[in-house]
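Going by our numbering, the first residue of the sequence shown is number 22, and it counts up by one from there.
Using N, Cα and C, we set each Cβ at its ideal position, and we do this for glycine too.
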Amino acid sequence: MSALRSDPGHALDQRSDVTLRPMREADLEEVMAIELRAYPFPWTRGIFRDCLAAGYPAWLLLERGLPIGYGVLSMAVDEAHILNVCVAPERQGRGLGRYLLRALVRGARERRAERVFLEVRPSNPHAIALYHSEGFNEIGRRPRYYPAHGGREDAIVMAIELLD
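Right, dumping it as structure tokens:
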């Protein structure tokens, strides 16, 4: 897994204090600390470990060398699926999620994906707005996809086409 190239058109890419590097198993303690703060129903360490063992492209977002987010992508033929994209709650609202999302899409494009899919909770309007602003469109719903307090929550399925 290679590091992602920067996008000179994006202001965050000009910041020397924000970098991406491939995620390693040794990072999982810090990744889990962020995951547990960010989500009421977090992934387990085993899920992250399985993704890394399967060779899924995964990146760690660092600010001044400290982990503040991560993203995990799966690839199948000409399709990519963003499995997890997360910025630590205390670092949100500063464009870092957009930076990470663009890096994941760029990574999918570099691996010759023609489209990228993701799921998002309807109860997460900030993420939905981010995905829409980056060109993702709602293409469907997965009923009762996510665990939620008091039951299950649907997922909005979104996609972006990468073909020119």
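Of the listed residues the options, nearest to residue i (C-alpha basis)
i    : options               : result
E51  : E135, L83, H147, A180 : L83
A169 : M44, R85, P61         : P61
R112 : R127, T65, A59, Y166  : A59
A124 : A109, G171, R133, W80 : W80
D48  : D38, S37, L73, V39    : L73
P146 : S95, G128, G114       : G114
M96  : G128, P164, R162      : G128
D38  : Y120, E56, M44        : Y120
R142 : L117, M179, R133      : M179
F157 : R133, V126, R132, L41 : V126
Collapsed DSSP secondary structure at residue i in the structure displayed
i    : result
D175 : strand
L94  : strand
A109 : coil
E56  : helix
E50  : helix
R132 : coil
A169 : strand
P164 : strand
Contacting residues, own chain, Cβ-Cβ under 8 angstroms from residue i (five flanking each side not counted)
i    : result
L122 : G92, I103, V106, L151, Y152, E155
Y166 : E140, R173, E174, D175, A176
L117 : L33, V39, L82, E84, I89, G90, V108
Beta bridge counterpart(s) of residue i as assigned by DSSP
i    : result
L42  : As written in the sequence, residue 42 is Arg, which differs from the Leu given in the question. R42 pairs with L81.
P88  : L83
E140 : V178
N158 : A180
I103 : L94, L139
Beta-carbon proximity of residue i to residue j, cut-off 8 angstroms
i    : j    : result
R138 : E100 : For the sequence presented, residue 138 should be read as Phe rather than Arg. Closer than 8 angstroms, so yes.
I149 : I177 : yes
A109 : G90  : yes
Y77  : L57  : no
Cutoff 6 angstroms; reference residue i; Cβ partners in own chain excluding five residues on either side
i    : result
A54  : none
E135 : D99, L183, L184
R3   : Look at the range of the chain in this structure, 22 to 185, and you will see that residue 3 is not part of it.
G161 : V178
Nonlocal neighbours in the same chain, by C-beta distance under 7 angstroms from residue i, ignoring five residues either side
i   : result
R66 : L49, M53
E46 : R70, L73
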